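K.L.:
Here's a structure for you.
Residue numbers (our numbering), protein chains in the order written: chain A, 300 to 414; chain B, 552 to 670.
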């Protein structure tokens, strides 16, 4: 079975602080894909990043960075110098080869950036 | 259209009534998914379509829930005899065929959801 755990239900920080959202996954597949989505108050999920299990290089995109560690089955997301517009619910998701038909989502982390 | 379109955006119904929720996927996307998001909860998978067939309907919570897809495009999720616990946001997503490399590595594109409230 595949499972994604986002242990942080809610995080609240002050603007300009750095914040890391944790994601831990379980899968028996040797090939799999990890995703992060953002759900702003409007409700529509917005794709942020995809990572495959063969590529453990960390990725940086502007203020966003992702740390993929296969040894600990984690795919953490860091926002540097957070801004109020970053306030949203963030979901980590997993798609394996066996269950390639669907994404399995974590419970989400509600991030609030206070001015 | 440019994105995944869902209707209605909001639906309020009385307990026991039937409701239909519609999803119009991105043109060319053969895969279509329905998810449910209850208040403060994560996304719960309901059903997956590849073309007009549903090889995975394991997430449908009861036989009151059904879905169909016609012409490899529009999908309708039907909830019969609605209950209060059915209240949630129903999200539709589409993607390229996950049986292909591009589909498997590609992301799902989501609509804005249909918020269902059962009184």
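Ideal placement from N, C-alpha and C gives every residue a C-beta, glycine not left out.
This one's a predicted model, so the numbers in the text were calculated from it and none came from an experiment.
Under a Cβ-count criterion, where at least 16 other Cβ atoms within 10 Å of its own Cβ denotes burial, should residue 657 of chain B be classed as buried or exposed?
P.N.:
buried
K.L.:
Spell out whether any CB of chain B is found under 7 angstroms from the CB atom of residue 367 of chain A.
P.N.:
Taking a beta-carbon distance threshold of 7 angstroms, residue 367 of chain A does not count as an interface residue toward chain B.
K.L.:
Could you name each continuous beta strand (DSSP E) segment of 3 residues or more that falls completely within the stretch 343-394 of chain A, going from the start of the chain to the end?
P.N.:
345-351, 358-360, 363-368, 373-378
K.L.:
Sorted by chain position, which residues of the same chain lie with C-beta nearer than 6 angstroms to residue 316 of chain A's C-beta, five sequence neighbours on each side aside?
P.N.:
Within the same chain, 381 come within 6 angstroms of residue 316 of chain A by CB-CB distance, once the 5 residues on both sides are set aside.
K.L.:
Of the residues A:301, A:358, A:351, which one's Cα is nearest the Cα of residue 596 of chain B?
P.N.:
A:301
K.L.:
At 9 angstroms on the CB atoms, spell out the chain B contacts of residue 343 of chain A, in chain order.
P.N.:
554, 555, 642, 661, 662, 663, 664
K.L.:
Which chain B residues sit within Cβ distance under 7 angstroms of residue 402 of chain A?
P.N.:
659
K.L.:
Nearest CA to the CA of residue 367 of chain A: which residue from A:361, A:394, A:334?
P.N.:
It is A:334.
K.L.:
Of the residues B:570, B:588, B:561, B:649, which one's Cα is nearest the Cα of residue 390 of chain A?
P.N.:
Comparing Cα-Cα distances from residue 390 of chain A to each of B:570, B:588, B:561, B:649, the minimum goes to B:588.
K.L.:
Taking residue 668 of chain B as part of the beta strand (DSSP E), name the residues at either end of that continuous run.
P.N.:
665-669
K.L.:
Is residue 316 of chain A helix, strand or coil by DSSP?
P.N.:
coil
K.L.:
Starting from residue 403 of chain A, follow its DSSP beta bridges and name the residues at the other end.
P.N.:
A:393
K.L.:
Apply the 10 Å Cβ neighbour rule to residue 566 of chain B and answer buried if 16 or more other Cβ atoms are within range, or exposed otherwise.
P.N.:
exposed
K.L.:
Residues in its own chain within less than 6 angstroms of residue 409 of chain A by CB, not counting five upstream and five downstream?
P.N.:
Excluding sequence positions up to five before and after residue 409 of chain A, its CB lies within less than 6 angstroms of the CB of 309, 388, all in the same chain and listed in chain order.
K.L.:
Determine the contact status of residue 648 of chain B and residue 581 of chain B, defining contact as a CB-CB distance below 7 angstroms.
P.N.:
yes
K.L.:
Tell me whether residue 644 of chain B is buried or exposed, calling it buried when 16 or more other Cβ atoms sit within 10 Å of its Cβ.
P.N.:
buried
K.L.:
Counting C-beta neighbours from all protein chains within 10 Å, is the total for residue 414 of chain A 16 or more, i.e. buried, or is it exposed?
P.N.:
exposed
K.L.:
Tell me the rounded alpha-carbon separation between residue 576 of chain B and residue 633 of chain B.
P.N.:
25 angstroms
K.L.:
Using a Cβ-Cβ cut-off of 6 angstroms (strictly less than) and excluding sequence neighbours within five positions of residue 608 of chain B, which residues of its own chain qualify?
P.N.:
598
K.L.:
Looking at the C-beta of residue 596 of chain B, does it have a partner C-beta in chain A at a distance below 7 angstroms?
P.N.:
yes
K.L.:
Find the residues of chain A that neighbour residue 607 of chain B, judging by a C-beta separation of less than 7 angstroms, and give them in chain order.
P.N.:
400, 401
K.L.:
Taking only the alpha-carbon atoms, compute the straight-line gap between residue 351 of chain A and residue 326 of chain A and give it to the nearest angstrom.
P.N.:
13 angstroms
K.L.:
Which partner residues does residue 605 of chain B have in the DSSP bridge list?
P.N.:
Its beta-bridge partners do not exist; DSSP assigns none.
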